[in-house]
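Remarks on the structure that follows.
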Amino acid sequence: MTQENFKPTVVWLILKGKSEEALTLLAKNYKVNDPKLKVGLPKGRKIKAYGCYTSKNQTISVLNSDVLANPFVILHEFYHHLRSKAVDKMHRGTEKNADKFALEFIEAYKKALL
Ligand SMILES: [Zn+2]
17 MTQENFKPTV VWLILKGKSE EALTLLAKNY KVNDPKLKVG LPKGRKIKAY
67 GCYTSKNQTI SVLNSDVLAN PFVILHEFYH HLRSKAVDKM HRGTEKNADK
117 FALEFIEAYK KALL
């Protein structure tokens, strides 16, 4: 796979509900561990969100199975995974950067459709 069709492929896989495959591809590309993926947000969270990333167990949690096929949410949370790779395992990267990361993939996907 070339770098050119990497981003569109990732988005396509997520849209097809193959988010696990998409995450494996992302992890390979960025040379990080595969994050785990689970449906259902961790308990005790006050903020309502579609997804969240827990660096402690490297898990991306999504609100429900619909969100599992939402490229924006999956890619946004993957960005947090990418940024949490540092030794101290802190929640790295701002929300703004995570959104930007996700949008880059979605834009590449849209362009590939033209
Ligand atoms: Zn976030």
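Converting from the sequence shown to the working numbering requires adding 16 to each position, the first position being numbered 1.
The beta-carbon is built from N, C-alpha and C at its ideal position, and this holds for glycine as well.
Rounded to the nearest angstrom, what separates residue i and residue j at their Cα positions?
i    : j    : result
F88  : K72  : 22 Å
L31  : A128 : 15 Å
F117 : L53  : 19 Å
A43  : Y95  : 10 Å
K112 : E123 : 16 Å
If the criterion is Cβ atoms closer than 9 Å, does the pair residue i and residue j meet it?
i   : j   : result
E36 : C68 : no
G56 : N86 : no
V48 : Y66 : no
On the DSSP letters alone, give me the boundaries of the beta strand (DSSP E) that residue i sits inside.
i   : result
T70 : 67-70
L53 : 52-55
S77 : 75-78
Closer than 8 Å by C-beta to residue i: which residues in its own chain qualify, once you throw out the five before and the five after it? Chain order, please.
i    : result
L29  : S35, E37, A38, L41
L119 : F88
K126 : none
P58  : C68, T70, S77
N21  : A128
Using C-beta distances below 7 Å, list every residue in its chain close to residue i, excluding the 5 sequence neighbours before and after it, in chain order.
i    : result
D115 : H92
Q74  : N49, P51, K52, H97
F121 : K23, V26, V27, P87, L91
Y46  : L98
V78  : V55, Y66, G67, L84, V89
G33  : L84, A85
Count the other CB atoms within 10 Å of the CB of residue i; is the residue buried (16 or more) or exposed (fewer)?
i    : result
L98  : buried
T110 : exposed
T166 : Look at the range of the chain in this structure, 17 to 130, and you will see that residue 166 is not part of it.
Between residue i and the rest of its own chain, which residues show a CB-CB distance below 6 Å, the 5 nearest in sequence each way excluded?
i   : result
G60 : none
I76 : P51, L53, Y69, E93
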